[in-house]
Structures are given as structure tokens and as C-alpha cells.
Amino acid sequence: DVVSPPELLDASAAGFAFGVATSAYQVEGGVREGGRGPSIWDTFSHTPGRIPSGDTGDVACDHFHRFEEDFALLAALGVSTYRMSIAWPRVMPDGRAINREGLRFYHALFDRLLELGIEPLVTLYHWDLPQALEDEGGWRNKSMIVPAFSRYAAAMFTEFGPKVKVWTTFNEPATFVFIASDLGIHAPGRCSHREICAEGDSLREPLLIAHSVLVAHAHAVAALREQSGAGGTCERCRVGMVNCIKLAAPMNASRDADWQAAQWRMESELGIWTDPLYFGDYPRSVVLASGDLLPPFSAEERSLLKGSADYFGLNLYTAQFAAARFSRPNAADMGVMATSSAELNGEEGDLIAQWRETTGAAAGPREPVGEPGPTGWLFAAPGALRTTLNWVAQRYGQRTEVIVTEAGWAGMRESSELPLRIALDDQDRIAFLFEYVRAAVQARVVDGVNVSGFVIWSLLDNFEWNNGFGQRFGLVRVQYDDGLRRLPKASFSWLQRLISNATAQHTGARALLRRTAQ
Ligand code: PNW
36 DVVSPPELLD ASAAGFAFGV ATSAYQVEGG VREGGRGPSI WDTFSHTPGR IPSGDTGDVA
96 CDHFHRFEED FALLAALGVS TYRMSIAWPR VMPDGRAINR EGLRFYHALF DRLLELGIEP
156 LVTLYHWDLP QALEDEGGWR NKSMIVPAFS RYAAAMFTEF GPKVKVWTTF NEPATFVFIA
216 SDLGIHAPGR CSHREICAEG DSLREPLLIA HSVLVAHAHA VAALREQSGA GGTCERCRVG
276 MVNCIKLAAP MNASRDADWQ AAQWRMESEL GIWTDPLYFG DYPRSVVLAS GDLLPPFSAE
336 ERSLLKGSAD YFGLNLYTAQ FAAARFSRPN AADMGVMATS SAELNGEEGD LIAQWRETTG
396 AAAGPREPVG EPGPTGWLFA APGALRTTLN WVAQRYGQRT EVIVTEAGWA GMRESSELPL
456 RIALDDQDRI AFLFEYVRAA VQARVVDGVN VSGFVIWSLL DNFEWNNGFG QRFGLVRVQY
516 DDGLRRLPKA SFSWLQRLIS NATAQHTGAR ALLRRTAQ
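Below you can see the structure in the form of C-alpha cells.
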């Protein structure tokens, strides 16, 4: 019998926990209900000019009132996992004092998910910092924010530990640190102007924040470990961090320097977050290149950080080429560099410039890889997922569990001017997801990477940050101008079929094995 590729895909994807994702500010709405306090995203979206479309998350998908309906969609899809986030300002309006009403809202959500047999994968921080804490310096104020975040985390583990077993501390620090505090196009919108950056050096502040975020992660995980033992309130709980990367691909694959440039970008953009979780410290290349802009970890922090992830959460959307800007053969070998930025000048000084460029601080030559979509940044590059999964396994060990926590596509023909019939027939999203799931299957089955789950962004069209409601990532369309009606797209039915086939074949294969064994 010839097995057609889709069937093969179904069979091999059988072991994946499939899921879909959302985040609080992007879907909930109800920003002034249930005792919720303001977050930096409320402030940001209500500041004229910040979000070009003028959109805000005030109502968003109104998930706050419609979660029952949305969870019925999850059940119909057949996913085993639902990735979502808790809005810190909903459970702690000022970032510190508990709001019981907020807790009740999330209890209701988790109860319903568990009734449906769906495992919640819960992010503590998907960018919606309580405004009150921002007023005290936010992530720039390490001695304030680290204890505040770990108290919040500990309170959530205690409260929801019996219901939620898989936790994420942070979603994509790279995005909220560099995009928000450097480019200034995400909340709180810092440093879009040089004059508000310390010493006019736009990297100092993001690197200081990066450091605070990692230390806050380490302390939150320590709090979880105290509760996750036998008999603890968060018994058998697991925790990790979610990071994103645009895979860096060498522009000229036969040029060593381009491979080094690509590796450098992987280390400075992904390794900067994930090396500390596995090795207890930043990549050497990052430490050398950033000099005194990046605060070092104390010995205690290093030991808290090392081993602080039970799984590797990977958001992988796309890829970009990397090319060395230096003709000197070992220019990208950071081992030769001075350790303080003050010592760096001349050619080495250029490496700092390159570092800025590769971290997104300045626009640089970053040719996209793949097929363009409507967003400007998201090009379909399924091979990037397989390669990145292999990069992770090589660097952190083949047994490192990886969950693809996000992959998704904004549709080409989903704008509101087009007839619904066309907008709902999202064949481009199906093609994208098919290739990405297959890439993850190949990483697992062929390459032996320990990929355990595949979560699609997103269940619903939602508030796409600085792009407002214009970019639609949902498997389900939300009719913003027609009562927020939910309309499943073609990709919804496609995923439904994929999951039920995969499950059936998994069950079938197990039954067969049992019979053979007898
Ligand atoms: C993610 N990249 O951000 C976020 O986690 C979601 O909240 C968001 O809605 C989704 O992607 C779609 O944009 C990303 O440059 C931002 O590769 C940038 C990238 C990836 C993910």
C-alpha cells in the first residue's frame, strides 16, 4: 500500500500533544471588570499614536464573557492542550494585593478546561505588567520587580497548583525587552527616542531588563520547586520559559564566516535567554561582546538559574539570513575580544555595532528566508523549525524536552473588505501549518529531537499588539464589526481532522502492538 504524505503525517504526529494558544490581553477584554487593575498595555494602547490603528484590548474578543463558547471550540477541535496566560493585573490589580474576583475568573476557566479533558499550559507573564509596578520602575528596578514577580508566581502556584501542572514564567522576553525598551513599539514604549535612554545608549536598558527577567525567572522557579514535591500545593508541576527566534541561516552556506555570523545571532538572540536556564550563565560570546552593559549573575543567581527549565518552550515563526560583515577570518570568534566595552574600539568596536544590529537595536541587512505573507515579518520557512529544533537539541542535549509553544500564520485574504466565503477559506494557513507540523515530525522521528507538543497560534483572531486587529492569526475568525461572532475557518476543520486521525492511528497502533505481543 502506498501511504500518502498526509496520512504519513497523521501517523507520525500521533505522539504530539496538539494545542492552540491565546494570551490574556489579546483576547480577554473586560479590562475594567472584575476588579482588574490597569496594565502597561492599557496605558500604551490608549496613548494616541502608539498603535497606528488606534485599536486597544478594551474588549478584544470579549473572552472574559465568552470563554464557555471559546472552550466549546477547543473541545470540538479535539486539542489536548490549551496555552493561555494569566493577567497579572487581574489577579493583583496593583501587582501585589490579591484580587479574589480575579482568582475566581481563572478558577472557572481551569475547571471548565479540566472538565473537557484539556490540559492548561499557563504563562504567568505575557507582557501585561501591572501599571503600578511600571510606575515604580518596572523591569528596570531589579530589587523591586524580582521579589514582586516571584511573590506573584508563588501565589499562582499555590492557588492553581492543583489544577495547572505546566507553567511558563515568561513569554518571549526577547520581544518584550528589545521591542518594548529599545524600539519602543511595544509597551511601555521606552527608548524610541535616544534622549530617554540612559547615557544615550539604547542597549544598556534592555540588557539590564534582560538580567532582571532572568533572575525573576530563577526565583519564581525556586518558589515552584518548593511546592512541586509530593504533597505540595503544586505537586508534579513543571515549569519552563517560552522563547522565540527567527532562525539565522547563513547567507552563503559555503562561507565559514557566514556560519559564524548565524551562530552568533542564535547565541545572542536565543542563547542569551536559554543558556542561563541550562548552563547557569549567558553565552560567552554575549558576555564578551556586551561588556559592562550586561550585569553579571551572582554565584547564587547562577546556581538558581542552572536547571531552571523542565522543558524548552519554542516559538518559531520564520527565518532570516545572516552574513558576516567582516573579512577578517575569525572576526566572529568572540573569544579574542576584550571583556569590557571600554576596551573595545576599532574593529572590535564594530562587533558591538554588529551585536546591536543582530539584537534588533538597529536595522541591519536581515534578508528574510521563505515565502512572504501579509505581515511584513512572517515568511513561511518550515525548514527553519526543523533546524532550530536540532540546534536546541545539539546545544542543550538530545533529551531536552521541547514544546513548540507557538507557530502560526496571518492570512493573506482575511481582510474585512473581502467576502466571508473567501476570508474563511484560509488555504494558505493550512499549507503553512501542514509544512510546520511535518517539520516538527521530521525533527522528532528522523532526527530524534524530543519534541513533545505542537501548539498553534492562535485559537482566535485577536489583538495583535502594535498591529491591532488588522493581522488575523486565528483558526477561528472573530467578526469585530458583527457582535464578535466566532466563525471557524477551513484550517479549523483541517486541524480537527489531523488530530482525530492522529489519535485514531495512535490508538490503533497501540492495539496492534498489544495483539502482537500476546
Ligand atoms: C508572538 N518573530 O510574538 C507572541 O507570543 C504572540 O503574542 C503574538 O500574537 C504572535 O507571536 C504573533 O505575532 C512574536 O519575530 C513576535 O519571529 C515576533 C516573532 C515571533 C513571535
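Numbering (mature numbering (1 follows the signal peptide of the UniProt record, and there is no 0)), first residue to last: 36 to 553. From the three backbone atoms N, C-alpha and C, an ideal C-beta is built for every residue, glycine too.
According to the DSSP secondary-structure assignment, F489 is paired through a beta bridge with F53 and V439. Inter-residue distance for E136 and G65 is about 13 Å (C-alpha atoms, whole angstroms). Between I121 and A222, the gap from beta carbon to beta carbon reaches 9 Å or more. Between P197 and A253, the CB-CB gap reaches or exceeds 9 Å.
In this structure, the CA atom of T203 is about 13 Å from the CA atom of V437.
Distance between V277 and N206, taken at the CA atoms: about 5 Å.
In the structure shown, Y515 falls within a coil segment according to DSSP collapsed to helix, strand and coil.
Contact between the segment 80 to 87 and the segment 106 to 121 is absent: fewer than three C-beta pairs spanning the two stretches fall below 8 Å. In this structure, DSSP gives F414 an extended state, which the three-state scheme calls strand. Within the same chain, and ignoring the five residues on either side of S535 in sequence, the residues whose Cβ sits closer than 7 Å to its Cβ are G113. L249 and V256 have their alpha carbons spaced roughly 11 Å apart. In the three-state scheme derived from DSSP, where H, G and I count as helix and E and B as strand, T353 is classed as coil. If you draw a straight line from the Cα of W174 to the Cα of V427, it is about 27 Å long.
Contact between the segment 503 to 518 and the segment 471 to 480 is not established, with fewer than three Cβ pairs separated by less than 8 Å. Put simply, of S88, M191 and L144 the residue whose alpha carbon is nearest the alpha carbon of P124 is M191.
For T193, there is no enclosing beta strand (DSSP E); the enclosing alpha helix (DSSP H) covers residues K177 to F195.
Cα atoms of G405 and G267: separation of roughly 47 Å, rounded to the nearest angstrom.
Not one heavy atom of the ligand PNW falls within 8 Å of the beta-carbon of L424. Exposure of D517 is indicated by the presence of fewer than 16 other C-beta atoms within 10 angstroms of its C-beta.
Residue pairing of Y160 in beta bridges, as defined by DSSP: F205. Contact annotation, G326 with P318: C-beta distance approximately 14 Å; criterion of less than 8 Å not satisfied.
Using a Cβ distance threshold of 9 Å, G152 and F489 do not count as a contacting pair. The segment 344 to 352 makes contact with the segment 271 to 291; the number of CB pairs closer than 8 Å reaches 3 or more. About 6 Å separates the CB atoms of A357 and M286; that is less than 8 Å, so the two are in contact. Collapsing the DSSP output to three states places P409 in coil.
Cβ neighbours of P523 within its own chain (closer than 6 Å, five residues either side excluded): V511.
Assigned with DSSP and collapsed to three states, P155 falls in strand. Counting only residues of its own chain and dropping the five nearest sequence neighbours on each side, R507 has a CB closer than 7 Å to the CB of A445, G446, E449 and D496. Where R507 is concerned, there is no enclosing alpha helix (DSSP H), because DSSP gives it neither an H nor an E. A straight-line Cα-Cα distance of about 6 Å links I133 and V126. Under the three-state reduction of DSSP output, R118 falls in the strand class. Looking from the CA of P331, the closest CA among F145, S247 and Q462 belongs to S247.
Note on I280: 16 or more other CB atoms within 10 angstroms of its CB, so buried under the neighbour-count rule.
One alpha carbon belongs to R473, the other to P403, and they sit about 21 Å apart.
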